[in-house]
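Q: Quick one: this structure, given as structure tokens, is what I'll be asking you about.
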Amino acid sequence: MTAAAVAVPWPGCVPGSRREAAGIVDAACVRSWLGVVATRLEAERDFLTQLDAAIGDADHGVNMHRGFTAVMVRIGESEDATPGQLLKTAGRTFVSTVGGAAGPLYGTAFLQAGEALGDAASFGPRLLLDALRASLEGVQRVGAAAVGDKTMVDALSPALGAFELELRMGGAREAAAEGMRATIPLQARKGRASYLGPRSVGHQDPGATSTALMFAALEQAVLADRSQRFAAGTRRRGSGT
Ligand code: ADP
Ligand code: MG
Numbered sequence: 016m017t018a019a020a021v022a023v024p025w026p027g028c029v030p031g032s033r034r035e036a037a038g039i040v041d042a043a044c045v046r047s048w049l050g051v052v053a054t055r056l057e058a059e060r061d062f063l064t065q066l067d068a069a070i071g072d073a074d075h076g077v078n079m080h081r082g083f084t085a086v087m088v089r090i091g092e093s094e095d096a097t098p099g100q101l102l103k104t105a106g107r108t109f110v111s112t113v114g115g116a117a118g119p120l121y122g123t124a125f126l127q128a129g130e131a132l133g134d135a136a137s138f139g140p141r142l143l144l145d146a147l148r149a150s151l152e153g154v155q156r157v158g159a160a161a162v163g164d165k166t167m168v169d170a171l172s173p174a175l176g177a178f179e180l181e182l183r184m185g186g187a188r189e190a191a192a193e194g195m196r197a198t199i200p201l202q203a204r205k206g207r208a209s210y211l212g213p214r215s216v217g218h219q220d221p222g223a224t225s226t227a228l229m230f231a232a233l234e235q236a237v238l239a240d241r242s243q244r245f246a247a248g249t250r251r252r253g254s255g256t
């Protein structure tokens, strides 16, 4: 097993998050989530590329970083966007700026999540669950990967399952990271890594790793947003659905 195969680059982000339940998320929080993802992707670009060098073509970190840099520019231009519009913009930007497998797959995931949120100005755990379901459905419609095929689905699907059970971002983040680690002993059945056959065993999947990163960022953004609101002593109005 290589060093890259066992590395887990980011810790759980906030102490006490085990007890947290997902709260209300608005456009500002979605922006800050995308911003945290962009920052983390920049920090992990080389790590993701190194993972992809072992079982692919060494471009996943570069692809994701390029995509999210473009996403941050585009959402910076749309000041009054709702959460759904922000995610749809992110999805369209991803499709148009990122090639390979990750572009259309993540692009579809963001687009479908944005569709699921509709025009809501804010959303709670139930609507977030709908958005995550729509993302997974979109990824599987485009890529036809099942759990165990050693792809991003191995992180996304358990994260969705954990969130469904408890509606906790911390639970989703842990399940995504566990799914990411569980790709190491798998043989790839989808994507470029599948060309390697048994030689893909013993390596962590790059796409499952970037998906786990996104769940860690989501937890960080939601909790930071909540503690800011408590610190300000205010309660934002929201649908809470
Ligand atoms: P490419 O493989 O075209 O170079 P990337 O390197 O950016 O694209 O992304 C590779 C990641 O995409 C893989 O690690 C895997 O998680 C994901 N992936 C590849 N094919 C599929 C698929 N059919 N369904 C879901 N995810 C996939
Ligand atoms: Mg690649």
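Just so you know, we're using this note's numbering here: the sequence shown kicks off at 16 and counts up by one. All C-beta atoms, glycine included, are put in the ideal place defined by N, C-alpha and C. As the structure is a computational prediction, the values presented were derived from the model and not from experiment.
Can the beta-carbon of Leu151 be found less than 8 Å from the beta-carbon of Leu142?
A: On the sequence shown, position 136 is the one that residue 151 refers to. On the sequence shown, position 127 is the one that residue 142 refers to. Not a contact, by the Cβ cut-off of 8 Å.
Q: Closest to Ala232 by CA distance: which of Ala68, Asp41 and Arg46 is it?
A: Numbered from 1 along the sequence shown, position 217 holds the residue referred to as residue 232. The shortest C-alpha separation from Ala232 is found at Arg46.
Q: Please look up how many angstroms separate the CB atoms of His75 and Pro221, rounded, as I've assumed it's under 8 Å.
A: In the sequence shown, counting from the first residue as 1, residue 75 sits at position 60. In the sequence shown, counting from the first residue as 1, residue 221 sits at position 206. Confirmed, about 4 Å.
Q: Considering only residues of the region 167–191, which uninterrupted alpha helix (DSSP H) runs meet the minimum length of 4 residues and lie entirely inside it, listed in chain order?
A: 168–181
Q: Between Arg81 and Leu228, which are expected to be in contact by the criterion C-beta below 8 Å, what is the C-beta distance as a whole number of angstroms?
A: Here the question's residue 81 lines up with position 66 in the sequence shown. Here the question's residue 228 lines up with position 213 in the sequence shown. 15 Å between Cβ atoms; not a contact.
Q: Is it buried or exposed, Val88, if we count other Cβ atoms within 10 angstroms and call 16 or more buried?
A: Sequence index remark: in the sequence shown, residue 88 carries index 73 (1-based). Exposed is the call here.
Q: Please list the segments of the alpha helix (DSSP H) lying wholly inside the region 102–153, counting only runs of 4 or more residues, in order along the chain.
A: At a cut-off of 4 residues, the continuous stretches assigned as alpha helix (DSSP H) that sit fully inside the region 102–153 are 117–132.
Q: What whole-angstrom Cβ distance do Asp169 and Ala149 have, given they're in contact under 8 Å?
A: Against the sequence shown, residue 169 aligns to sequence position 154. Against the sequence shown, residue 149 aligns to sequence position 134. Not confirmed; about 19 Å, so no contact.
Q: Can you tell me whether Ser242 is buried or exposed, with buried defined as 16 or more other CB within 10 angstroms of its CB?
A: Reading the sequence shown from its first residue, position 227 is the one you call residue 242. Its Cβ having fewer than 16 others within 10 Å, Ser242 is exposed.
Q: Three-state secondary structure (DSSP) at Val216?
A: Position 201 of the sequence shown, counted from the first residue, corresponds to residue 216. Looking at Val216 - three-state DSSP - the assignment turns out to be coil, as it is neither helix nor strand.
Q: Any chance the CB of Arg207 is under 7 Å from a heavy atom of the ligand MG?
A: Sequence index remark: in the sequence shown, residue 207 carries index 192 (1-based). Checking every heavy atom of the ligand MG against the Cβ of Arg207, one is found closer than 7 Å.
Q: Rounded to whole angstroms, what's the CA-CA distance from Ser209 to Gly114? Just pull it up for me.
A: Locating residue 209 in the sequence shown gives position 194, counting from the first residue. Locating residue 114 in the sequence shown gives position 99, counting from the first residue. Distance between the alpha carbons of Ser209 and Gly114: 18 Å.
Q: Just to check my reading of the structure: Val110 and Leu49 have Cβ atoms closer than 8 Å, yes? What is that Cβ distance to the nearest angstrom?
A: Position 95 of the sequence shown, counting from 1, holds the residue named residue 110. Position 34 of the sequence shown, counting from 1, holds the residue named residue 49. Not a contact, Cβ separation roughly 16 Å.
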